[in-house]
Amino acid sequence: MERFYFSVLIIITFYILHSIIPSIKRQDYHLNNNYSSVQTYVLNTSGSLYTTNKLFLSFSIDSHQIRQGLSKPSLRNSELIRLTSYLSPGYLRIGGIDADRLVFKEENSVLTSWLNINPQDTFNMSEK
32 MERFYFSVLI
42 IITFYILHSI
52 IPSIKRQDYH
62 LNNNYSSVQT
72 YVLNTSGSLY
82 TTNKLFLSFS
92 IDSHQIRQGL
102 SKPSLRNSEL
112 IRLTSYLSPG
122 YLRIGGIDAD
132 RLVFKEENSV
142 LTSWLNINPQ
152 DTFNMSEK
């Protein structure tokens, strides 16, 4: 099951990168114009080093992108919604330097029953 979620996370990452960056320029490093170095990476998925807490942040969007009008990727894109649904339950964090300019109305309007969490929970990255 962890492999499935990891695969979905990889697909979403590539989808977002492909949407945000119009072109990724590949740069080959040549030695004497005759040699191109090739790097191979091996990802061992036979086990995990840590188990992430279910309350840990899933992904984030910089508030600067929202202020400029987040168009790529659109959060209403059906393909993005379908892919991220596999990460459920997940959290979306809106942060960054522009988040310092956000103003919130001071009132106790958030119902903790909507959040399905205990306010006394600690938000740790790892359960191990």
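Counting from 32, one number per residue, gives the positions in the sequence shown under my numbering. Virtual Cβ for every residue (Gly too), placed ideally from N, Cα, C.
Compare the Cα-Cα distances from Q96 to each of R124, T82, I42 and report the closest residue.
R124
What residues in its chain sit with their C-beta under 6 angstroms from that of Y46, if we drop five residues either side in the sequence?
none
In or out: I128 buried (at least 16 other Cβ within 10 Å) or exposed?
Classification of I128: exposed, given that the 10 Å Cβ count is below 16.
Can you tell me whether S91 is helix, strand or coil according to DSSP?
In this structure, S91 counts as strand in the three-state DSSP scheme.
Rounded straight-line distance, which links the Cα of T115 to that of L40:
8 angstroms
Alpha carbon of L80 to alpha carbon of Y72, nearest angstrom:
18 angstroms
Return the Cβ separation of S105 and G126 in integer angstroms, given the expectation that the two are a contact with Cβ distance under 8 angstroms.
Not quite, the Cβ-Cβ distance comes to about 20 angstroms (not below 8 angstroms), so this is no contact.
What's the call for I43, buried or exposed, on a 16-neighbour Cβ count within 10 Å?
The residue in question, I43, is buried, as its Cβ has 16 or more Cβ neighbours within 10 Å.
Strand pairing of G126, partner residues [DSSP]
The partner list for G126 (beta bridge, DSSP) reads D93.
Please report the distance separating the alpha-carbon of S77 from that of S38.
14 angstroms
Give the DSSP-derived three-state secondary structure of R107 in the structure shown.
coil
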